[in-house]
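Visitor: If you're matching positions, the sequence shown starts at 206 in our numbering and goes up one per residue.
No residue lacks a Cβ here, since even glycine has one placed at the ideal position from N, Cα and C.
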Amino acid sequence: MRKASGLMAVALALQPLAAQAQAAQPDLAALDPQIDAILTKWMAANHVPGLVFGVVRDGHLAYVKGEGVQDTVRQRPVTPDTLFRIASMTKAFTALAILRLRDEGRLGLDDPADRYVPELRGWTYPTADAPRITIRDLLTHTAGFVTDDPWGDRQTPLSQSAFTALLRTGVPFTRAPEMKHEYANLGYAILGRVIANVTKAPYRNYVEKTLLGPLGMTASGFDVLAHPQDKRAIGYRWENEAWAQEPTMKDGAFNAMGGLEVSATDYAKWLAFILSAWPPRDDAEAGPARRATVRRMAQGLNFAAVFHRYATGGDKQCPGTVSYGMGWRVIGDCDYGTVLAHGGGFPGYGSHVMVLPEYGVALFSLTNRTYSGPSQPVWDVAALLREKGVIARRQEPVSPDLASFYAAAQAVWAAGSVDPLQGRVAMNFAMDRTAANWAKVLAETRAKAGLCETTAPVKPDGAMSGAFTWPCANGKIAGTLTLAPTRPITLQSLSYTFKPGD
206 MRKASGLMAV ALALQPLAAQ AQAAQPDLAA LDPQIDAILT KWMAANHVPG
256 LVFGVVRDGH LAYVKGEGVQ DTVRQRPVTP DTLFRIASMT KAFTALAILR
306 LRDEGRLGLD DPADRYVPEL RGWTYPTADA PRITIRDLLT HTAGFVTDDP
356 WGDRQTPLSQ SAFTALLRTG VPFTRAPEMK HEYANLGYAI LGRVIANVTK
406 APYRNYVEKT LLGPLGMTAS GFDVLAHPQD KRAIGYRWEN EAWAQEPTMK
456 DGAFNAMGGL EVSATDYAKW LAFILSAWPP RDDAEAGPAR RATVRRMAQG
506 LNFAAVFHRY ATGGDKQCPG TVSYGMGWRV IGDCDYGTVL AHGGGFPGYG
556 SHVMVLPEYG VALFSLTNRT YSGPSQPVWD VAALLREKGV IARRQEPVSP
606 DLASFYAAAQ AVWAAGSVDP LQGRVAMNFA MDRTAANWAK VLAETRAKAG
656 LCETTAPVKP DGAMSGAFTW PCANGKIAGT LTLAPTRPIT LQSLSYTFKP
706 GD
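1. Per the contact definition of three or more C-beta pairs closer than 8 Å, is the segment 487-498 in contact with the segment 445-465?
2. Are S425 and E466 close, meaning C-beta to C-beta below 8 Å?
3. With distances taken from CA atoms, which of D428, P452, G418, V511 is nearest D471?
4. Taking Cβ to Cβ, would you say A335 is nearer than 8 Å to P382?
5. With DSSP as the reference, label A228 as helix, strand or coil.
6. Which ranges does the beta strand (DSSP E) cover as unbroken runs of at least 3 residues, wholly within the segment 523-587, from first to last along the chain?
7. How is the alpha helix (DSSP H) around V403 delimited, first residue to last?
8. From the DSSP output, which residues share a beta bridge with L290?
9. Mind checking V560: buried by the 16 CB within 10 Å criterion, or exposed?
10. Threshold first: 3 residues or longer. Then list the beta strand (DSSP E) segments lying entirely within the segment 618-670, N to C.
11. Under the three-state reduction of DSSP, which class applies to F703: helix, strand or coil?
12. Identify, in the order they occur along the chain, each residue of the same chain with its Cβ nearer than 7 Å to the Cβ of W443, setting aside the five sequence neighbours on each side.
13. Rounded to whole angstroms, how far is the Cβ of A438 from the Cβ of F289, which I believe are closer than 8 Å?
14. Where R598 and A234 are concerned, what is the direct C-alpha to C-alpha distance, given to the nearest angstrom?
15. Taking the C-alpha atoms as reference points, what is the distance between L416 and S577?
16. Can you grab the Cα-Cα spacing for the pair A509 / L480, in whole Å?
17. Kindly indicate the opening and closing residues of the beta strand (DSSP E) around A686.
18. When burial is assigned at 16 or more other CB atoms within 10 Å of the CB, is W247 buried or exposed?
19. Can N460 and R409 be called in contact, C-beta distance under 8 Å?
20. Taking a contact to mean a Cβ-Cβ separation below 8 Å, would you say S556 touches I291 in this structure?
21. Does the distance from the CB of L696 to the CB of R629 come in under 8 Å?
22. Contact between the segment 376-392 and the segment 343-351: three or more CB pairs below 8 Å?
23. Between D354 and chain B, is the shortest Cβ-Cβ distance under 8 Å, so that the two count as touching?
24. Count the other CB atoms, across all protein chains shown, that sit within 10 Å of the CB of K405; report buried if there are 16 or more and exposed otherwise.
25. Grab me the residues of I596's own chain with a C-beta within less than 6 Å of its C-beta, minus the 5 sequence neighbours each way, in chain order.
26. May I ask you to verify whether the segment 420-435 touches the segment 543-555, counting CB pairs closer than 8 Å and requiring at least 3?
27. Could you spell out the range, first to last residue, of the alpha helix (DSSP H) harbouring F368?
28. Quick one: give me the first and last residue of the beta strand (DSSP E) that F258 is part of.
29. Classify Q600 as buried or exposed, calling it buried when 16 or more other Cβ atoms lie within 10 Å of its own Cβ.
30. According to DSSP, is I694 part of a helix, a strand, or is it coil?
31. For a test of the three-state rule: what should DSSP assign to Y411, helix, strand or coil?
32. Hey, out of M462, F427, A473, whose CA is closest to Y268's CA?
33. What's the C-alpha gap between M294 and W533?
34. Given N507, which residues of its chain have a CB within under 6 Å of its CB, disregarding the five upstream and five downstream residues?
35. Compute the Euclidean distance between the alpha carbons of F569 and N642, then round it to the nearest angstrom.
36. Leaving aside the five residues before and after T329 along the sequence, list all residues of the same chain whose C-beta is less than 7 Å from its C-beta, in chain order.
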């Protein structure tokens with residue numbers, strides 16, 4: 206076990222979350238029976254010996270539940286301090302470590318990877334016009350490598366010298382780099398070598414010193430054989446209608462892609478730190494990486510695909526989009542907004558994490574059965590929490606400029622003309638519709654709508670645009686306003702659309 210290095214009190218780093226919390230929401234504990242039913246049903250169906258589930262909110266582990274056992278022989282129950290390998294959820298730590306080095310000026314994301322890993326320089330690329338692999342390509346799984354989950358997982362204990370030999374020999378490509386996203390553990394193993402070569406120390410040293418230590422994740426680490434054995438969840442596979450113990454793979458050259466072991470108590474500190482990066486604000490930086498750097502991991506590439514939720518009935522729910530950011534899958538969901546999610550599959554373990562920045566909440570689960578990724582119960586519990594009002598989307602504040610122009614939009618409607626906007630519109634406004642036509646359209650729209658109640662607040666899309674809905678005698682008005690990027694601030698567009706009642 207490591208001692209905390211310059212331990213930053215997690216509560217200090219994450220205080221802004223509590224300050225931004227919405228009005229009091231229902232207690233998570235009240236839903237314990239329903240959460241328990243979701244978890245235990247899934248465990249039974251998937252033959253999972255043990256599981257821990259947690260919800261992180263307002264900077265701390267707001268709910269945690271252990272189910273089943275750490276091992277099937279001694280029947281030790283799973284607790285919040287039980288240690289599980291999180292497999293590919295390690296990649297987020299590796300990605301943030303790379304971004305920290307970028308912030309320190311020690312590498313660039315668009316630098317060729319062979320600048321830092323000389324064994325790559327002699328590689329034969331699949332085409333003469335193929336670009337050299339960059340650090341960004343490795344982060345986003347666009348290096349042209351084939352998907353390698355079964356093979357890559359078993360490389361975890363590979364020695365550094367054997368990895369050097371593998372890299373020096375070169376690897377076959379499935380396509381030219383930067384043509385398509387294809388998930389490849391090899392790429393993240395190479396990032397681990399990049400970190401080691403840049404820092405002139407083992408990969409794990411940099412992650413433990415700069416991320417785990419400052420966050421107080423003192424029970425977590427990569428050297429699983431050095432961890433207290435009575436705390437570790439034993440990994441199993443299910444075969445021949447029985448659990449068979451998987452061999453424990455020691456820390457090795459592929460650790461950057463999936464070797465980290467954590468407890469729920471520790472992992473919650475990581476997720477609280479990730480959540481603390483939203484929303485952007487003026488507060489002093491307090492974490493082990495800048496908030497903007499954390500948010501950078503959520504920028505997915507343009508190789509987007511249709512996404513159906515992992516939850517029960519996911520294909521019947523609204524489809525979203527999914528792309529890969531840096532160590533996270535980035536999902537655009539119609540209810541949750543931006544979602545950062547990732548699974549972890551490993552011999553003996555399965556895990557899943559779901560971060561909802563717009564809700565200020567993260568959910569995760571760790572298990573001790575081979576490739577038993579608990580994505581379904583995590584997403585099912587998220588749906589339950591949302592349905593019951595336990596979690597709710599944060600309301601974006603209305604900027605003073607938007608509030609001022611919304612008041613002007615209300616005045617325009619009341620006056621039946623754009624006179625209240627005199628001297629406050631962008632140069633395109635009168636070109637797009639004359640004042641006379643504005644008066645005509647306003648008169649026609651008001652006649653259709655009848656008397657309207659115009660006091661509803663504007664809903665911002667950002668600091669300079671928003672939408673509003675007014676109930677009217679004959680239906681409703683759906684309106685929008687967008688400010689122009691000028692100094693002083695001016696209005697570039699305004700609309701009032703009448704929608705008849707049923």
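Guide: On the basis of the supplied data:
1. no
2. yes
3. G418
4. yes
5. Confidence at A228 is low in this model, with a pLDDT of 41, below 50, so the placement of that residue is unreliable and no value is reported for it.
6. 525-529, 534-538, 542-551, 554-561, 566-572
7. 390-404
8. For the record, residue 290 in the displayed sequence is Arg; it is not Leu. Beta-bridge pairing links R290 to E466.
9. buried
10. 664-667
11. strand
12. H252, R574
13. 5 Å
14. 20 Å
15. 27 Å
16. 23 Å
17. Note that residue 686 corresponds to Leu in the displayed sequence, not to Ala. 680-689 is the extent of the beta strand (DSSP E) around L686.
18. buried
19. yes
20. yes
21. yes
22. yes
23. Of the chains in the structure shown, none is chain B; there is only one protein chain.
24. exposed
25. Y564, V566, L590
26. no
27. 365-374
28. 255-262
29. exposed
30. coil
31. helix
32. A473
33. 8 Å
34. none
35. 56 Å
36. G375
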